[in-house]
Amino acid sequence: MARYLCMAILFLLLGPWRSMAFTAHQVTTDARIAFEQILDLWRAEDLERLYERLDHPAAWGWDYFAERMVYASRVPACCWEKLQDVSVAARDADYVVINAKVGFEVEGVGTRFVTRDFHLRRIDGIWKLPMNDVLTLSKYNFQRIPRKIYQRTP
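With mature numbering (1 follows the signal peptide of the UniProt record, and there is no 0) as the guide, the letters of the sequence shown map in order to residues -21 to -1, 1 to 133.
Structure representation (structure tokens):
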């Protein structure tokens, strides 16, 4: 009887740790998938859906974002060059840090790689990347010819 009681107590004590480990694994997996989806939207130049997946200050609205993205000089690369050497660390259930080597297609040069940390937050159930990361990595330049003229339909 004492043996069963000890096993029951041990199970009760270790139960929460197992569920926390599963949750951390699930959080990191979900965040990595979301990060890849964000890169795919960016590559496809689906700016409206990309904008919805970005965390941005209220002052940086749609017009601010679209105006810069049409002057982007690089986009994420395709396939195996897109994302390499990925490690994901969950800080809590709604915040992760992804360290990865991301490939970018640079006009006239080819693929260049950037290794850095990306901080994703889950806001209202959606993993979001800071808009500033996308704008910085896109290397927009107002002196170049725009990729396309993009107007949002109301």
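Using N, Cα and C, we set each Cβ at its ideal position, and we do this for glycine too.
The structure displayed is predicted, hence computed values, not measured ones.
Bounding residues of the alpha helix (DSSP H) (the contiguous stretch that carries residue 46): Here residue 46 refers to the residue found at position 67 of the sequence shown. Segment 41 to 48, the alpha helix (DSSP H) holding residue 46.
Can you name the start and end residues of the beta strand (DSSP E) that residue 66 belongs to? By 1-based counting over the sequence shown, the position of residue 66 is 87. Residue 66 -> beta strand (DSSP E) spans 62 to 71.
Report, in whole angstroms, the separation of the C-beta atoms of residue 91 and residue 83, which I expect to be a contact under 8 Å. As a first step, residue 91 is located in the sequence shown; it is residue number 112 there, counting from the start. As a first step, residue 83 is located in the sequence shown; it is residue number 104 there, counting from the start. Rounded, the Cβ-Cβ distance is 5 Å, consistent with contact.
By the three-class DSSP mapping on this structure, what secondary structure does residue 98 have? As a first step, residue 98 is located in the sequence shown; it is residue number 119 there, counting from the start. Strand, per DSSP.
For residue 74 and residue 14, what's the separation of their Cα atoms in angstroms? Here the question's residue 74 lines up with position 95 in the sequence shown. Here the question's residue 14 lines up with position 35 in the sequence shown. Taking the Cα positions, residue 74 is about 13 Å away from residue 14.
At a threshold of 7 Å, does residue 5 count as lining the ligand COA (C-beta to nearest heavy atom)? By its list of ligands, the structure shown contains no ligand whatsoever, and the ligand COA lies outside what it can speak to.
Evaluate the contact criterion for the stretch 25 to 33 versus the stretch 42 to 55: three or more CB pairs, one atom per stretch, below 8 Å. As far as the Cβ criterion goes, the stretch 25 to 33 touches the stretch 42 to 55, which means the pair count is three or higher.
Straight-line CA distance for residue 7 to residue 76? Looking up residue 7 in the sequence shown gives position 28. Looking up residue 76 in the sequence shown gives position 97. So the alpha carbons of these two residues sit roughly 9 Å apart.
Rounded straight-line distance, which links the Cα of residue 114 to that of residue 97: Residue mapping note: residue 97 aligns to position 118 of the sequence shown, counting from 1. Residue mapping note: residue 114 aligns to position 135 of the sequence shown, counting from 1. Computed Cα separation, rounded: 13 Å.
First and last residue of the uninterrupted beta strand (DSSP E) at residue 54: Indexing the sequence shown from 1 puts residue 54 at position 75. Element bounds for residue 54: 53 to 55.
How far does the alpha helix (DSSP H) with residue 78 in it reach, from first residue to last? Residue 78 sits at position 99 when you count from the first residue of the sequence shown. Per DSSP, residue 78 belongs to no alpha helix (DSSP H); it is in the beta strand (DSSP E), 74 to 85.
Suppose you measure from the CA of residue 44 to the CA of residue 118; what does that come to, to the nearest Å? Walking along the sequence shown from the start, residue 44 turns up at place 65. Walking along the sequence shown from the start, residue 118 turns up at place 139. About 13 Å.
Contacts around residue 109, its chain only, beta-carbon distance under 6 Å, and the 5 residues preceding and following it disregarded: For the purposes of this step, residue 109 is taken as the residue at position 130 of the sequence shown. Closer than 6 Å at the Cβ level, and outside the excluded window around residue 109, lie 34.
Can you tell me which of 69, 58, 78 puts its alpha carbon nearest to the alpha carbon of residue 5? Residue mapping note: residue 5 aligns to position 26 of the sequence shown, counting from 1. Considering only alpha carbons, the answer is 69.
Spatial neighbours of residue 112 in its chain, beta-carbon cut-off 7 Å, leaving aside the 5 residues before and after: Numbered from its first residue, the sequence shown carries residue 112 at position 133. Cβ contact annotation for residue 112 (same chain, cutoff 7 Å, sequence separation greater than five): 97, in chain order.
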